[in-house]
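Counting in my numbering, the sequence shown runs from 57 upward without gaps.
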Amino acid sequence: MQLNGPFGLQLGTAESVRNWDSDDAIKLQLVEGEDISSWHFGASSEEALYLTIENKPDFVPSSFSGRPRAFTYLCAERLGPRSVLGASPCPDDTLEIGVHGEYCAQMVATMGNSPLQNVARQHPDAEMGGASLLKYEVEKWIGEIAKPIEIDAIRYPGTTVNSMRFRTSGEAWVHAPNMGFGISYALPIILAGLTAQDNGLLIVENPEAHLHPAGQSRMGAFLAWLAGCGIQVILETHSDHVLNGVRRAIGEHHYLTHDNAITHFFGPDADNLPTTYELSFLSDGSISHWPQGFFDQYQIDIASLGQIRRKRN
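As structure tokens, then:
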């Protein structure tokens, strides 16, 4: 298994990925329902740029079947506004968004004016019935998360580049660099979610990047809605707004049932040793318990500001 290259990984050497306080073997285990898949990896040397597969499972989760758009990973370092974006060599029916969202324009150009493949993924406020174009569904969500805009992609014949342009109602088209970062950062997430395979896996790092608080909250609701549509969503976030968007999706909008969501918080225990806390959602969107350090900075800051005001009085 390569440690550098695929999915933008730059993990270094075998020694870099092995915990200093563990044995030489590395084990990866995935659980899907009652099925458990385990891989055992070894290293030929500490400086090896790969891991050897010592044992692999007979069963592989459907998300890793190799089907187009069954597995999507969007890293935190998504491409911001660019004058041009590259083109994937994949056929249109297997086209994917790319780790950095680099094929976003190409996907809009090739699939944007086609009906949404899964009618169940029409916007939750839409009237069910007729098929909607993918581009229109993307615009509905981007309008709620960033700002109401129209999107368009331009393909340049004879080249390997594409570009995105946007416009607000009644105004002229502008190229991506003339629009805020939030749209270019949110667009790949929305597009990947609406085109993912049923029962697929979508992993998103820092979906809150370059979004204002209301947009971060709605992004959390969107990702929870995708999970309710049958996509397994894993998101890594530092935003309490994203978390609250997920909570509202459960308790207010009923996009997702509370027992189909879970939170893992990585923080120190009472002895200041790293540990993982598993937090459950309740039906009203509340969370089972709040460990110290889990999105509590707002309360800490407000309490401190209150003390300052009381001292002045």
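Even glycine gets a Cβ: it sits at the ideal position worked out from N, Cα and C.
> For Leu-323, which residues does DSSP report across the bridge?
Replying inline: As written in the sequence, residue 323 is Gly, which differs from the Leu given in the question. Answer is Thr-331, bridged to Gly-323.
>> Short of 6 Å in beta carbon distance, which residues of its chain neighbour Glu-200, apart from the five on each side in sequence? Order them along the chain.
In response: Arg-274
> Can we say the region 161–180 touches the region 205–221, given the rule of at least three CB pairs closer than 8 Å?
Replying inline: yes
>> Measuring alpha carbon to alpha carbon, tell me which residue in Asn-234, Val-230, Leu-279 and Gly-256 is nearest Ile-246.
In response: Leu-279
> Under the three-state reduction of DSSP, which class applies to Met-220: helix, strand or coil?
Replying inline: strand
>> Considering only the alpha carbon of each residue, which of Gly-349, Val-73, Arg-303 and Asn-328 lies closest to Ser-429?
In response: Past the edges of the chain, shown from 57 to 369, lies residue 429, and the structure says nothing about it.
> Tell me, which residues are paired with Ile-92 by DSSP?
Replying inline: Bridge partners of Ile-92: Val-87.
> Can you tell me where the alpha helix (DSSP H) with Tyr-129 in it begins and where it stops?
Replying inline: From DSSP, Tyr-129 is part of no alpha helix (DSSP H) but of the beta strand (DSSP E) over 127–130.
> So what's Pro-113 in DSSP terms, helix, strand or just coil?
Replying inline: coil
> Between which two residues does the alpha helix (DSSP H) harbouring Arg-211 extend?
Replying inline: Run containing Arg-211: none in the alpha helix (DSSP H); it sits in the beta strand (DSSP E), 206–211.
>> If you follow the alpha helix (DSSP H) that Gln-288 is in, where does it begin and where does it stop?
In response: Segment 288–292 is the beta strand (DSSP E) holding Gln-288; no alpha helix (DSSP H) there.
> Nearest-angstrom Cα distance between Val-289 and Thr-128?
Replying inline: 10 Å
> Secondary structure at Val-73, three-state DSSP: helix, strand or coil?
Replying inline: helix
> With respect to the beta strand (DSSP E) encompassing Leu-258, which residues constitute its N-terminal and C-terminal limits?
Replying inline: In the DSSP assignment, Leu-258 falls within the beta strand (DSSP E) that extends over 257–261.
>> Give me, in chain order, the residues of the same chain whose beta-carbon lies closer than 6 Å to that of Trp-95; leave out the 5 immediate sequence neighbours on both sides.
In response: Leu-84 and Lys-112
> In whole angstroms, what is the alpha-carbon distance linking Thr-313 and Thr-69?
Replying inline: 41 Å
> Using the C-alpha atoms, what's the distance from Pro-263 back to Glu-292?
Replying inline: 8 Å
>> Please report the distance separating the alpha-carbon of Asn-369 from that of Leu-361.
In response: It is roughly 13 Å from the alpha-carbon of Asn-369 to the alpha-carbon of Leu-361.
>> If contact is defined by three or more beta carbon pairs under 8 Å, each pair taking one atom from either stretch, is the region 320–331 in contact with the region 341–351?
In response: Segments in contact, yes.
>> Just to confirm before moving on: does the CB-CB distance between Val-155 and Phe-63 stay below 7 Å?
In response: yes
> Is Phe-97 helix, strand or coil by DSSP?
Replying inline: strand
>> For a quick check, are the C-beta atoms of Arg-123 and Gln-272 less than 7 Å apart?
In response: no
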